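**Q** My structure is below; once you've seen it, I'll send some questions.
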Amino acid sequence: MNRQIVLNERPVGFPTADTWHLLEVPEKKLREGEVNVKNIYASIDPTMRGWVSERKSYLPPVEIGAVMRALTVGEVVSTKHPGFQVGDYVHGPGGIQDFSISNGEIWRKIESTSIPLEKYLSILGMTGLTAYFGLLDIGKPKEGETILVSGAGGAVGSIVGQIGKIMGCRMVGIAGGAEKCKRLISHYGYDAAIDYKSENVWSALKKTCPEGIDIYFDNVGGEVLDMALAKLKLKGRIVLCGAISQYNADKNQGPANYMSLVINRGRMEGFLVMDYAKEYRKAATEIAGWMREGKLISDEHIEIGIENFFPAFQKLFTGNKRGKLILQINPPTS
Ligand SMILES: NC(=O)c1ccc[n+]([C@@H]2O[C@H](COP(=O)([O-])OP(=O)(O)OC[C@H]3O[C@@H](n4cnc5c(N)ncnc54)[C@H](OP(=O)(O)O)[C@@H]3O)[C@@H](O)[C@H]2O)c1
């Protein structure tokens, strides 16, 4: 049998336990040219909220009754495809299900088995690449600049902090809770941290960024985006990576302080990591190099069991996790 997490209904506001359900369907028979992958880990991402909404987005919505879209890493368990062998490890959009049968086009092979598999959904996957391209290509940091990052203790934000330090910048991170803020400084190299859950963010910004902000890497949107606009320096840049504070809202809160871009001749630019597909390999090689040199680390928070998809998804919004959120669908073969 193939266990699948299937979309039940389009949520209004925050999804509920009824938004998805667990289905068991008989495994399909493999046809000529197909490969069957057992999914081991799935990436649980804030963008999943957008995928189940009808709003226009960068990908079509997941259909009602369809398997929930997700990036996974898995192992080939049977194959009638000349390009794959049983035991190959792969990553790609396998979905929240035990087994994904396809013509193989969705999968990229994992060449090295010495790196833990979950890292391919984290620092060596979309997360690391998002931090890399967002900061370096859109933010274009220069040595000595001050960079503010929201969602700084999360999957993307924790890596942005470290890459910013590699670039010689002063890093200020915003995260929820004292423990996360402590970790920003002790583990991810941030120079200062702001706890948005217990501090007045505007006062803390004045204290930690007295000269203003050269780059704001925005993962949350909403009020903090407005505050960052108000603190932007001349020729400042705002990297629009995401806006998690707005994902469950009926109506998005737009920035009121946008005139700051005019006054400061600033730039605010969104990006999607998938647009950089041709440069992934080069970037991943550089990221892996920084990891080997001990300059870059990543934390993965692994929840166990396909049946725990919804409780895991909720953690994206409560923040009750450390680093990259991953769901283990099946245990890895040792
Ligand atoms: N543009 C792209 O191509 C691209 C690719 C990947 C991800 N993204 C975006 O990047 C952002 C970060 O993604 P991620 O995968 O690294 O997720 P993540 O940061 O690991 O998880 C989400 C974090 O957001 C914080 N959060 C949740 N609700 C919040 C709220 N209302 N206000 C402030 N903070 C809130 C929580 O941290 P606290 O405990 O600190 O509250 C939570 O841990 C998201 O906006 C995502 O959509 C964009």
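According to my numbering, the sequence shown is numbered sequentially starting from 995.
Each residue gets a CB set at the ideal place from its N, CA and C atoms; glycine is no exception.
Computed from a prediction, not measured in an experiment: that's the story for all the values here.
(1) Indicate whether residue 1036 and residue 1064 have their beta-carbon atoms separated by less than 7 angstroms.
(2) Is residue 1169 a contact residue of ligand 1, with contact defined as CB to any heavy atom under 6 angstroms?
(3) Mind reading off the beta-carbon distance from residue 995 to residue 1021? Whole number of angstroms is fine, and I expect it under 8 angstroms.
(4) Whose C-alpha, out of 1066, 1032 and 1307, is nearest the C-alpha of residue 1238?
(5) Looking at C-alpha atoms only, which residue of 1286, 1301 and 1273 is the closest neighbour of residue 1127?
(6) Excluding the five sequence neighbours on either side, which residues of its own chain have a C-beta within less than 7 angstroms of the C-beta of residue 1114, listed in chain order?
(7) Looking at residue 1323 and residue 1298, is the spacing between their C-beta atoms short of 7 angstroms?
(8) Would you report the Cα separation of residue 1017 and residue 998, rounded to the nearest angstrom?
(9) Give me the Cβ distance between residue 1263 and residue 1100, rounded to the nearest whole Å; I'm assuming they're in contact under 8 angstroms.
(10) Tell me whether the segment 1242 to 1258 and the segment 1212 to 1220 touch, counting them as touching only if at least three CB pairs, one residue from each stretch, are closer than 8 angstroms.
(11) Helix, strand or coil for residue 1014 per DSSP?
(12) Could you check which residue in 1309, 1260 and 1234 has the C-alpha nearest to that of residue 1148?
(13) Within the segment 1161 to 1221, note down every full alpha helix (DSSP H) run reaching 4 residues or more, in order along the chain.
(14) Going along the chain, which residues of its own chain have a beta-carbon closer than 8 angstroms to the beta-carbon of residue 1195, five neighbours each way excluded?
(15) Along the alpha helix (DSSP H) that carries residue 1000, what are the first and last residues, could you check?
(16) Using a Cβ-Cβ cutoff of less than 6 angstroms, which residues in the same chain neighbour residue 1154 once the five nearest sequence positions on both sides are dropped?
(17) In angstroms, rounded to a whole number, what distance separates the CA positions of residue 1004 and residue 1271?
(18) Tell me, which residues are paired with residue 1262 by DSSP?
(19) Within a Cβ cutoff of 7 angstroms, which residues of the same chain sit near residue 1240, ignoring the five residues on either side of it in sequence?
(20) Between the alpha carbons of residue 1160 and residue 1280, how many angstroms are there, rounded?
(21) Alpha carbon to alpha carbon, what distance is there between residue 1228 and residue 1019?
(22) Grab me the residues of residue 1162's own chain with a C-beta within less than 7 angstroms of its C-beta, minus the 5 sequence neighbours each way, in chain order.
**A** So, to answer that:
(1) Residue 1036 sits at position 42 when you count from the first residue of the sequence shown. Residue 1064 sits at position 70 when you count from the first residue of the sequence shown. Taking 7 angstroms as the Cβ cut-off, residue 1036 and residue 1064 qualify as a contacting pair.
(2) Numbered from 1 along the sequence shown, position 175 holds the residue referred to as residue 1169. Yes, since a heavy atom of ligand 1 falls inside the 6 angstroms radius drawn around the Cβ of residue 1169.
(3) Here residue 995 corresponds to residue number 1 of the sequence shown, with the count starting at 1. Here residue 1021 corresponds to residue number 27 of the sequence shown, with the count starting at 1. Yes, they are in contact, since the Cβ atoms of residue 995 and residue 1021 sit about 7 angstroms apart, within 8 angstroms.
(4) As a working mapping, residue 1238 is identified with position 244 in the sequence shown. When only C-alpha atoms are compared, the closest one is 1307.
(5) The count along the sequence shown starts at 1 and reaches residue 1127 at position 133. Of the listed residues, the one whose Cα sits closest to residue 1127 is 1273.
(6) Within the sequence shown, numbered from 1, the residue matching residue 1114 stands at position 120. Excluding its 5 nearest sequence neighbours in each direction, residue 1114 has C-beta neighbours in its own chain below 7 angstroms: 1067, 1085 and 1104, listed in chain order.
(7) Indexing the sequence shown from 1 puts residue 1298 at position 304. Indexing the sequence shown from 1 puts residue 1323 at position 329. Contact flag unset, no.
(8) For the purposes of this step, residue 1017 is identified with residue 23 of the sequence shown, where counting begins at 1. For the purposes of this step, residue 998 is identified with residue 4 of the sequence shown, where counting begins at 1. Answer to the nearest angstrom: the Cα atoms are 5 angstroms apart.
(9) By one-based count along the sequence shown, residue 1263 stands at place 269. By one-based count along the sequence shown, residue 1100 stands at place 106. Going by Cβ atoms, the distance from residue 1263 to residue 1100 rounds to 29 angstroms, so no, they are not a contact pair.
(10) yes
(11) Reading the sequence shown from its first residue, position 20 is the one you call residue 1014. Correct three-state label for residue 1014: strand.
(12) Residue 1148 sits at position 154 when you count from the first residue of the sequence shown. Checking every option, the nearest Cα to that of residue 1148 belongs to 1309.
(13) 1172 to 1180 and 1195 to 1202
(14) Numbered from 1 along the sequence shown, position 201 holds the residue referred to as residue 1195. Cβ neighbours of residue 1195 beyond the five flanking positions: 1168, 1188, 1217, 1218 and 1221.
(15) Along the sequence shown, one-based indexing puts residue 1000 at 6. First-last for residue 1000: 996 to 1001, but that is the beta strand (DSSP E), not the alpha helix (DSSP H).
(16) On the sequence shown, position 160 is the one that residue 1154 refers to. 1125, 1129, 1143 and 1211.
(17) Here residue 1004 corresponds to residue number 10 of the sequence shown, with the count starting at 1. Here residue 1271 corresponds to residue number 277 of the sequence shown, with the count starting at 1. Rounded to the nearest angstrom, the two C-alpha atoms are 30 angstroms apart.
(18) Mapped onto the sequence shown, residue 1262 falls at position 268. Beta-bridge analysis with DSSP links residue 1262 to 1232.
(19) In the sequence shown, counting from the first residue as 1, residue 1240 sits at position 246. Only 1215, 1216, 1246 and 1247 meet the Cβ criterion.
(20) Along the sequence shown, one-based indexing puts residue 1160 at 166. Along the sequence shown, one-based indexing puts residue 1280 at 286. So the two alpha carbons sit approximately 12 angstroms from each other.
(21) Within the sequence shown, residue 1019 is the residue found at index 25, counting from 1. Within the sequence shown, residue 1228 is the residue found at index 234, counting from 1. Taking the straight line from one Cα to the other gives about 58 angstroms.
(22) Within the sequence shown, residue 1162 is the residue found at index 168, counting from 1. These residues qualify, in order along the chain: 1137 and 1138.
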